[in-house]
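Enquirer: Numbering (this note's numbering), first residue to last: 59 to 912.
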RNA sequence: GCGCGCUUGGUGGAAUGGUAGACACAGGGGACUUAAAAUCCCCAUCCUUCGGGAGUGUGGGUUCGAGUCCCACAGCGCGCACCA
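(1) Quick one: measure Cβ to Cβ for residue 856 and residue 863, integer angstroms, because I've assumed they're closer than 8 angstroms.
(2) Is residue 561 helix, strand or coil when you go by DSSP?
(3) Given this structure, state the Cα-to-Cα distance separating residue 297 from residue 385, to the nearest angstrom.
(4) Who are the Cβ neighbours of residue 764 in its own chain at under 7 angstroms, not counting the five residues just before and after it?
(5) How many Å lie between residue 640 and residue 684 at the Cα?
(6) Which residue's Cα is closest to the Cα of residue 457: 437, 427, 475?
(7) According to the neighbour-count rule (16 or more other Cβ atoms, all chains shown, within 10 Å of its Cβ), is residue 900 buried or exposed?
(8) With a Cβ-Cβ cutoff of 8 angstroms, do residue 836 and residue 81 count as a contact?
(9) Let me check understanding here. Comparing Cα to Cα, which of 897, 822, 890, 411 lies closest to residue 63?
(10) In the structure shown, what three-state DSSP assignment does residue 462 receive?
(11) Keeping to the same chain, check which residues put their C-beta closer than 6 angstroms to that of residue 359; ignore five residues upstream and five downstream.
(12) Is the segment 435-451 close to the segment 258-265, with three or more CB pairs under 8 angstroms?
(13) With three or more beta-carbon pairs closer than 8 angstroms as the criterion, would you say the segment 690-697 touches the segment 654-669?
(14) Hey, is the segment 92-109 in contact with the segment 167-174, meaning 3+ C-beta pairs nearer than 8 angstroms?
(15) Write down every uninterrupted run of the alpha helix (DSSP H) in the segment 257-283 whose length is 4 residues or greater and which is fully enclosed by it, in chain order.
(16) Among the residues of its own chain, which have a CB less than 6 angstroms from the CB of residue 421, if the five just before and after it don't count?
(17) Taking the straight line between their C-alpha atoms, what separation do you get for residue 409 and residue 86?
(18) Let me know the beta strand (DSSP E) ranges lying completely inside the segment 284-366, each 3 residues or longer, listed in chain order.
(19) With DSSP as the reference, identify every bridge partner of residue 97, one or two as the case may be.
(20) Quick test of the definition: if touching needs 3 or more C-beta pairs under 8 angstroms, does the segment 729-737 touch the segment 148-159?
(21) Is the separation between the beta-carbon of residue 366 and that of residue 415 shorter than 8 angstroms?
(22) Distance check for residue 801 and residue 825, CA to CA, integer angstroms please.
(23) Let me check you understand the geometry: is the CB of residue 648 closer than 7 angstroms to at least one non-hydrogen atom of the ligand NAD?
(24) Could you tell me the alpha carbon to alpha carbon distance between residue 355 and residue 70, rounded to whole angstroms?
(25) Just to confirm, are residue 547 and residue 511 a CB contact at a threshold of 8 angstroms?
(26) Under the DSSP definition of a beta bridge, which residues are partnered with residue 254?
(27) Does DSSP classify residue 812 as helix, strand or coil?
(28) Select from 631, 675, 774, 753 the residue whose C-alpha is nearest the C-alpha of residue 271.
(29) Determine, using beta carbons only, whether residue 634 and residue 708 come nearer to each other than 8 angstroms.
(30) DSSP state of residue 506, grouped into three classes?
(31) Among 701, 873, 574, 67, whose alpha-carbon lies nearest the alpha-carbon of residue 120?
(32) Hey, out of 543, 579, 819, whose CA is closest to residue 553's CA?
(33) Am I right that residue 196 and residue 166 are in contact with their C-beta atoms under 8 angstroms? What's the rounded C-beta distance?
(34) Kindly provide the ranges of any alpha helix (DSSP H) runs that are 4 or more residues long and lie completely inside the segment 590-625, ordered along the chain.
(35) Do you know offhand how far residue 317's Cα is from residue 767's?
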């Protein structure tokens, strides 16, 4: 009697059995023996308390890799933990009056229960949350070592300050120049903050990113662009007018175009340049001008882009190469303080920003690069700068040189004059990590009036967050806590104050992969690292991955990680999002998928019967209400079906659209799979026979194993799914004709093992039904028999002039001449080549025959 | 603006330079059934005078042969964005 597979009962049963058998615990290097290691890691989640479909897809993918590797004989580390510090916990504290810690750990419990239902092959023995004192205490120790090594420093820096909430805002929390929560106009404030010296590794981070062959090209490019290396010249222009105080030596600029120095017509300073600030002290006009620049600067990029603002300081400098030539010094809003030296020389003829500025303020324009084929007497630049190739002219000793030669020559000359040197500049800036927040890792520092900045002794770590905090007023609870910040100086013993800033939560996620490998054992860390396969969202392409690459280097250099390359993630895969159609009611409200239904061709709202307008397919989000709750799906169809669906329809790197019909299709297929095993379950087990029907089944099975293996290795899970579909069709066909029982048993045994990475619970049930030994989750990957995967004859298409006209089947290894003869004799072919001259015949063995006729 | 990527049936997509559209979803037809559900099987790019012809965003090119390689263009998406 055929039975139905009951996912609810089966999934729970198998999960409990796995847990009891402790199947997924990573072996120690010693236990593993000769087995190679595989560290499979998915980006750990923020414990929001609710699992979403994006998580399901992310972790399903990682689990496919982990289970496949395990079956292939690897010692697999597949851990899980929680990225648990951050703003949402503080927001919850303010809104619901619940302590961030309590809220967070409750969420972790809730989410862990949801995770458990997915049947992931995780090693929970290594679980931690970044808000555990053991974790952030270890992080504080790393901080102190890095500080000691000179990788951390303090400096004053501008931050977005919300004057109502009394807090610092991240850039993404500033919307149209206003705080996202308070709505107050955001101010730029100078605060002394802690910085990680990521720029120290800029060159290495750039160089090594190109070698990460198992990373997506796209991510590597984004990182390279973010680091933004450019070669150029840093030089100083000496004063023509009287030198202002503190700037006796002149004005330092950076340029990538020293070849255009003869075309210089002005110097431009950033509104935030120290000289500008100094000059503004005695000039109301300049003060006003700076204010104007700051206003425009916040957000409205369009406006900012349109208008070039300038202020003539009246100062002048000498041109380094042309005696008697002077350049005016302006302040310009388009010059950024954060890049180079915060000052430039303007060469309007060959820089678009400079030409716009020069035309607006009537500054001179001298072309010095002659485009190929242009006439030197008549070539002019109007409103469009020329930035292409050419030869240098109007440029004294540089005349006639190409751009690259001219750059080199100009740099040498400047160096010879002692005015500057060739340098490399990076767009990358040091990483500011101070956050004026409670729910983060406390910075282990004490400020003492006599001793200054004093590190907390390692024996006093962790510096714990106090529990008794309130969120009823704005600002940092650590700062206003009655006792917490008041401590004695570790050095002199006098009363001092704790640092009340906490670390950016990106710090927490920059080294968790090393902590998973081992809390403190360097050898074990060295054994597991680097992560062999990292899986996560593309949204972390720059910051998280760059910070992690920095941290692994820093940890290496302070002796906390034995990782010569410094690269923490050898392989990276970025998966696409889960999307869903959106729905709007007649009154314009977003509706959840569960609130609407399809009647014929039109969507209606279940509750009201009102007409629903389906909208674009977008990433599942609360605001658009186009979410599907994994719990509900698991309750209805089981976790295997949810896993199968998110892996089946689209290539893993692309978005997948969640559809009800698609899930139902996956559920149907799960039953179909079960029926393959169920039909065999009551039969006598037999070895495969060698009749034609058996051979057909066996070939399909052995070929499928190879195809699925390859597809998983290449992250083409959708192709693996397709192969399984085809395979099952063959098995079902044999089943309906009652043939090839032995071959079907063999195929089913292989199928159960190939299914395990995708639908682990179902695979266990199937394995059990056909009397498999132990857990299929612990069974080795099936080995395909080469004799069955390689055919003795091949079908080849026959083309005439590149058009397919027929096909022939010939023995494998047949000579080209014989193949050619068969092809020429094919009736469909004869009618096309009759009466024509055959110019040549191309035979690609095993693939195709192409007959070329005149 | 600069950089990167993508564009294949009604839909998601498959295809080491070698039979385009595997596999799935939706659709159509049939079988089983008193009926339904479930299940199983078949059809399905377009045009056609049924011989064939056209066809992978558009236009060129390389090749015996191009979805795949090269050039140009268009559309869409992503990233960066006054980076000197």
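Backbone N, C-alpha and C fix where the C-beta goes; we use that ideal spot for every residue, glycine too.
Expert: Taking the geometry as given:
(1) Against the first chain, residue 856 aligns to sequence position 798. Against the first chain, residue 863 aligns to sequence position 805. Their Cβ separation, rounded to whole angstroms, is 6 angstroms, which keeps residue 856 and residue 863 in contact under 8 angstroms.
(2) Position 503 of the first chain, counting from 1, holds the residue named residue 561. The answer is strand: DSSP assigns residue 561 an E or B state.
(3) Taking the first chain and counting its residues from 1, the one referred to as residue 297 is at position 239. Taking the first chain and counting its residues from 1, the one referred to as residue 385 is at position 327. Roughly 10 angstroms separates the two Cα atoms.
(4) Counted from its first residue, the first chain places residue 764 at position 706. Cβ neighbours of residue 764 beyond the five flanking positions: 842, 847.
(5) Taking the first residue of the first chain as 1, we reach residue 640 at position 582. Taking the first residue of the first chain as 1, we reach residue 684 at position 626. Their Cα atoms are separated by approximately 5 angstroms.
(6) The residue given as residue 457 occupies position 399 in the first chain. When each option's Cα is compared against that of residue 457, the closest is 427.
(7) In the first chain, residue 900 corresponds to position 842, counting from 1. Counting Cβ neighbours within 10 Å, residue 900 comes out exposed, since fewer than 16 surround it.
(8) Walking along the first chain from the start, residue 836 turns up at place 778. Walking along the first chain from the start, residue 81 turns up at place 23. Contact flag set, yes.
(9) Sequence index remark: in the first chain, residue 63 carries index 5 (1-based). It is 822.
(10) Mapped onto the first chain, residue 462 falls at position 404. Of the three classes helix, strand and coil, the one that applies to residue 462 here is helix, per DSSP.
(11) The sequence position of residue 359 within the first chain is 301, counting from 1. Model confidence at residue 359 stands at a pLDDT of 45, short of 50, so the residue's coordinates are unreliable; what they give is reported in the following sentence. So the list is empty, once near-sequence residues are dropped.
(12) no
(13) no
(14) yes
(15) 260-267, all fully within the segment 257-283.
(16) Position 363 of the first chain holds residue 421. Listed in chain order, the non-local C-beta contacts of residue 421 below 6 angstroms within the same chain comprise 323, 324, local neighbours out to five positions each way being set aside.
(17) Position 351 of the first chain holds residue 409. Position 28 of the first chain holds residue 86. Distance between the alpha carbons of residue 409 and residue 86 is about 60 angstroms.
(18) If you keep only unbroken beta strand (DSSP E) runs of at least 3 residues inside the segment 284-366, you get 287-295, 309-313, 324-327.
(19) Mapped onto the first chain, residue 97 falls at position 39. Residue 97 is bridged to 135.
(20) no
(21) Position 308 of the first chain, counted from the first residue, corresponds to residue 366. Position 357 of the first chain, counted from the first residue, corresponds to residue 415. Yes, these two residues count as a Cβ contact at 8 angstroms.
(22) Reading the first chain from its first residue, position 767 is the one you call residue 825. Reading the first chain from its first residue, position 743 is the one you call residue 801. Taking the straight line from one Cα to the other gives about 16 angstroms.
(23) In terms of ligand content, the structure shown is empty, and the ligand NAD therefore cannot be addressed.
(24) Locating residue 355 in the first chain gives position 297, counting from the first residue. Locating residue 70 in the first chain gives position 12, counting from the first residue. Residue confidence for residue 355 is low, a pLDDT of 45 falling below 50, so the modelled location carries little weight; the figure read from the coordinates is stated next. If you take the alpha carbons of residue 355 and residue 70, they lie about 57 angstroms apart.
(25) As a position in the first chain, residue 547 is number 489, starting the count at 1. As a position in the first chain, residue 511 is number 453, starting the count at 1. Against a cut-off of 8 angstroms, the Cβ pair of residue 511 and residue 547 comes out as no contact.
(26) Locating residue 254 in the first chain gives position 196, counting from the first residue. Looking at the DSSP assignment, residue 254 forms a beta bridge with 210, 489.
(27) Taking the first residue of the first chain as 1, we reach residue 812 at position 754. If DSSP states are grouped into helix, strand and coil, residue 812 belongs with the helices.
(28) Here the question's residue 271 lines up with position 213 in the first chain. That would be 631, whose Cα lies nearest to the Cα of residue 271.
(29) Here the question's residue 634 lines up with position 576 in the first chain. Here the question's residue 708 lines up with position 650 in the first chain. In contact: residue 634 and residue 708 (Cβ atoms closer than 8 angstroms).
(30) As a first step, residue 506 must be located in the first chain, where it is residue number 448. It is a strand residue.
(31) Stepping through the first chain from its first residue, residue 120 is reached at position 62. For the residues 701, 873, 574, 67, the minimum Cα distance to residue 120 belongs to 701.
(32) Counting from one through the first chain, the residue named residue 553 turns up at place 495. Residue 543 is the option with its Cα nearest to residue 553.
(33) In the first chain, residue 196 corresponds to position 138, counting from 1. In the first chain, residue 166 corresponds to position 108, counting from 1. Incorrect: roughly 19 angstroms between the Cβ atoms, too far for contact.
(34) 601-615
(35) Numbered from its first residue, the first chain carries residue 317 at position 259. Numbered from its first residue, the first chain carries residue 767 at position 709. Each residue's alpha carbon lies about 56 angstroms from the other.
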